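Chains as they are written, first to last, in this note's numbering: chain S, 39 to 261; chain U, 39 to 261.
No residue lacks a Cβ here, since even glycine has one placed at the ideal position from N, Cα and C.
In this text the structure is predicted, and so the values were computed from the model without any measurement.
What follows is a short report on a single structure.
2 protein chains.
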Amino acid sequence: MPAKPHPIKVAIADDHSIFRNGVIASLRPFSNIKIVCEAISGSNLLEQLPKTLPDIILLDMKMSDMDGVEICKNIKRLFPRIKVIGLSVYDHYNYISSLFEAGGSGYLLKDVDITEIVKAIQTVYTDGSYMMDKASIPLIKKLMDIQHPSVYYHIQHVTPFKDYELEILKLIAKEHTTQEIAENMKLSPKTIENYRGIMLTKIGAKNTAGLITYAIKKGLIEL
Amino acid sequence: MPAKPHPIKVAIADDHSIFRNGVIASLRPFSNIKIVCEAISGSNLLEQLPKTLPDIILLDMKMSDMDGVEICKNIKRLFPRIKVIGLSVYDHYNYISSLFEAGGSGYLLKDVDITEIVKAIQTVYTDGSYMMDKASIPLIKKLMDIQHPSVYYHIQHVTPFKDYELEILKLIAKEHTTQEIAENMKLSPKTIENYRGIMLTKIGAKNTAGLITYAIKKGLIEL
DNA sequence: CCGCGCTAGAGGGAAAACCCCCGAAACCGA
DNA sequence: TCGGTTTCGGGGGTTTTCCCTCTAGCGCGG
């Protein structure tokens, strides 16, 4: 491990000034980390990157002007060597997986302690990737340890549902009937009916109401 | 309006150091506001109050050791003159109403800009109460202007549903059938059926799935 | 006193959801 | 190549939901 030739250059991108200031103030005591860029939006971040060239970006996944995943893709396209750590208030599986697919190197919930952020920055800087070990997503972490390139595959095991079941689920949540879903997916209504039943038994729900509450609780469908 | 004899003394209670630091750093430029107390939990706050005696407390409604509403009740019991401004990531009606019932003087979402917090502090200090005018809860604000003691009553008008409709809604979310709900509420199944239909038309939903997503989105039922 | 709105309910019918059991491919690992 | 699992679908039935119409009582204001 090399000595510190210079501190780790970090950018923080978040449209909430309070959170930005909180991170900056909390990181001040850590002399080996230096905030070189403070962005209030996705486009603002992309503007500042060429001049500031951070090693790591702490990226809020939900900024007003651009989707976090899109921003991440742009960053990795323009500056492949910059690592992105996503920040979000949601620990939804699809958020996490899509960030990693977009080239992200880490994911943190916004309510973590500053020590967790520091650990993430340092781990990503030296090892290349990091996943917080919050109780809410212990499985993902475990699976990440085994093999990590894309979390997407492992996600499947965290929910009892398969790809096509999730697809059906989303259509149900959009108020589509079994018939409509069948047309949409080019399958027989009977097949969809079966899968609905299977989903119910899998989660022990009695009807669509239970299915929907489960799906929203688990973040399987976007509100 | 009096000249400033001394700055407004503010306490911040939140178990996330980043958020605390963010608020403190963001408030530093405002010379008429002074942070006199920084608490990391409900009990920690209550310990510090006798010594620090703030004018206003910025209180996170979701701390690990104690419920925000409970903390607020305790504060108002021990120090009735201290005003409490609740901070939360949720704009759910029941959160807001229960805080006001517990003696709170204001409510802010945690993703607001610092200027909003400053405005809240100053308004509560001089006028006694404050309600942020976020687009998501404009009606509540309007109703607060008219008469504020308990928001609970006005809540009813913010959702298109009546008391008994909400009751039915909750039972639907708990996977009860129309039959079961009828028994539970000692009404005819036909009546429940009617109300279900009325609820659907009120919100423009096509089926139970739509009803449930609406209810969860609006915070009408607890997850 | 008459109408009006709100609540509570009934009838009947159509559609959708739920349930169980079955069969044929296809695919997949041993 | 063999047997198991996954995927896709059918038959046929019951229950639940959804929709529309219609009635009766009750309270309230004009």
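> Which residues bound the alpha helix (DSSP H) around S:Val107?
Replying inline: Taking the first sequence and counting its residues from 1, the one referred to as residue 107 of chain S is at position 69. Start and end: 106 to 116.
>> Let's test the definition: count the other Cβ atoms within 10 Å of the Cβ of U:Asn70 and tell me whether it reaches 16, buried, or not, exposed.
In response: Looking up residue 70 of chain U in the second sequence gives position 32. Classification for U:Asn70: exposed.
> Using the C-alpha atoms, what's the distance from U:Ile206 back to U:Lys256?
Replying inline: Numbered from 1 along the second sequence, position 218 holds the residue referred to as residue 256 of chain U. Numbered from 1 along the second sequence, position 168 holds the residue referred to as residue 206 of chain U. U:Lys256 and U:Ile206: Cα-Cα distance of roughly 16 Å.
> Nearest to U:Gly235 by alpha carbon, out of U:Thr216, U:Ile109, U:Asn222, U:Ser55?
Replying inline: To locate residue 235 of chain U, count along the second sequence from 1; it is residue 197. Closest option to U:Gly235, Cα to Cα, is U:Thr216.
> If S:Ser64 and S:Ile123 are in contact, beta carbons under 8 Å, what's the gap, nearest whole angstrom?
Replying inline: Translated into positions along the first sequence, residue 64 of chain S becomes position 26. Translated into positions along the first sequence, residue 123 of chain S becomes position 85. Separation of the CB atoms of S:Ser64 and S:Ile123 is rounded to 15 Å, and the pair is thereby denied contact status at 8 Å.
> Is it buried or exposed for S:Glu221, if we count other Cβ within 10 angstroms and need 16 for buried?
Replying inline: The residue labelled residue 221 of chain S in the question sits at position 183 within the first sequence. By the neighbour-count rule (16 or more Cβ atoms within 10 Å), S:Glu221 is not buried but exposed.
> From U:Pro67 to S:Cys110, what distance separates their C-alpha atoms?
Replying inline: Indexing the second sequence from 1 puts residue 67 of chain U at position 29. Indexing the first sequence from 1 puts residue 110 of chain S at position 72. Spanning the two alpha carbons is a distance of roughly 33 Å.
> Is the distance from the Cβ of S:Asp103 to the Cβ of S:Ser79 below 8 Å?
Replying inline: As a working note, residue 103 of chain S is residue 65 in the first sequence. As a working note, residue 79 of chain S is residue 41 in the first sequence. Contact: yes.
> Who are the neighbours of U:Asn245 on chain S, taking C-beta pairs under 8 Å?
Replying inline: Here the question's residue 245 of chain U lines up with position 207 in the second sequence. Around U:Asn245, the beta-carbon contacts reaching into chain S at under 8 Å are Glu213, Thr215, Thr246.
>> Please list, in chain order, the chain S residues whose beta carbon lies closer than 7 Å to that of U:Ser64.
In response: Indexing the second sequence from 1 puts residue 64 of chain U at position 26. Neighbours of U:Ser64 on chain S, chain order: Ser55, Ile56, Asn59.
> My guess is that S:Leu91 and S:Ala51 are in contact by the Cβ rule of under 8 Å, so how many angstroms apart are they, rounded?
Replying inline: In the first sequence, the residue the question calls residue 91 of chain S occupies position 53. In the first sequence, the residue the question calls residue 51 of chain S occupies position 13. Not a contact, Cβ separation roughly 14 Å.
>> In whole angstroms, give me the CA-to-CA distance for S:Ala243 and S:Ala253.
In response: Position 205 of the first sequence, counted from the start, is the residue given in the question as residue 243 of chain S. Position 215 of the first sequence, counted from the start, is the residue given in the question as residue 253 of chain S. Cα to Cα, the separation comes out at about 11 Å.
> Is it true that the CB of S:Gly60 sits closer than 8 Å to the CB of U:Phe57?
Replying inline: Against the second sequence, residue 57 of chain U aligns to sequence position 19. Against the first sequence, residue 60 of chain S aligns to sequence position 22. Between U:Phe57 and S:Gly60, the gap from beta carbon to beta carbon is short of 8 Å.
> Does DSSP classify U:Ser79 as helix, strand or coil?
Replying inline: Indexing the second sequence from 1 puts residue 79 of chain U at position 41. It is coil, neither helix nor strand.
> Taking all protein chains shown into account, do 16 or more other C-beta atoms lie within 10 angstroms of the C-beta of S:Leu116, making it buried, or fewer, making it exposed?
Replying inline: As a working note, residue 116 of chain S is residue 78 in the first sequence. It is exposed - the Cβ of S:Leu116 has fewer than 16 other Cβ atoms within 10 Å.
> Can you tell me the Cα-Cα spacing of S:Asp171 and S:Val48, whole angstroms?
Replying inline: As a position in the first sequence, residue 171 of chain S is number 133, starting the count at 1. As a position in the first sequence, residue 48 of chain S is number 10, starting the count at 1. Since pLDDT at S:Asp171 reaches only 48, below the 50 mark, its modelled position is unreliable, and the value read off the structure follows with that caveat. Distance between the alpha carbons of S:Asp171 and S:Val48: 22 Å.
>> So, with DSSP's three-state summary, where would you put S:Ala247?
In response: Locating residue 247 of chain S in the first sequence gives position 209, counting from the first residue. It is helical.
>> Strictly below 9 Å CB to CB, what residues from chain U border S:Asp98?
In response: Here residue 98 of chain S corresponds to residue number 60 of the first sequence, with the count starting at 1. Under the 9 Å cutoff, chain U gives no residues; its nearest Cβ is about 10 Å from S:Asp98.
> At a CB-CB cut-off below 7 Å, which residues of chain S make contact with U:Asp151?
Replying inline: What you label residue 151 of chain U is simply residue 113 of the second sequence in a count that begins at 1. Taking a Cβ-Cβ threshold of 7 Å, the residues of chain S close to U:Asp151 are Ser55, in chain order.
> Alpha carbon to alpha carbon, what distance is there between S:Lys121 and S:Val196?
Replying inline: As a first step, residue 196 of chain S must be located in the first sequence, where it is residue number 158. As a first step, residue 121 of chain S must be located in the first sequence, where it is residue number 83. Caution is warranted here: a pLDDT of 49 is assigned to S:Val196, below 50, making its placement in the model unreliable, and no coordinate value can be reported.
> Sorted by chain position, which residues of the same chain lie with C-beta nearer than 6 Å to U:Glu231's C-beta, five sequence neighbours on each side aside?
Replying inline: Counting from one through the second sequence, the residue named residue 231 of chain U turns up at place 193. Here the set comprises Thr216.
> Are the C-beta of S:Ile206 and some C-beta of chain U separated by less than 8 Å?
Replying inline: As a first step, residue 206 of chain S is located in the first sequence; it is residue number 168 there, counting from the start. It does not: the Cβ of S:Ile206 has no partner Cβ on chain U nearer than 8 Å.
> Taking Cβ-Cβ distances shorter than 7 Å, what residues in chain U pair up with S:Ile250?
Replying inline: Locating residue 250 of chain S in the first sequence gives position 212, where the first residue counts as 1. Residues of chain U passing the Cβ test: Ala247, Ile250, Thr251.
>> Just to confirm, is the Cβ distance from U:Ile259 to U:Lys208 under 8 Å?
In response: Walking along the second sequence from the start, residue 259 of chain U turns up at place 221. Walking along the second sequence from the start, residue 208 of chain U turns up at place 170. Closer than 8 Å, so yes.
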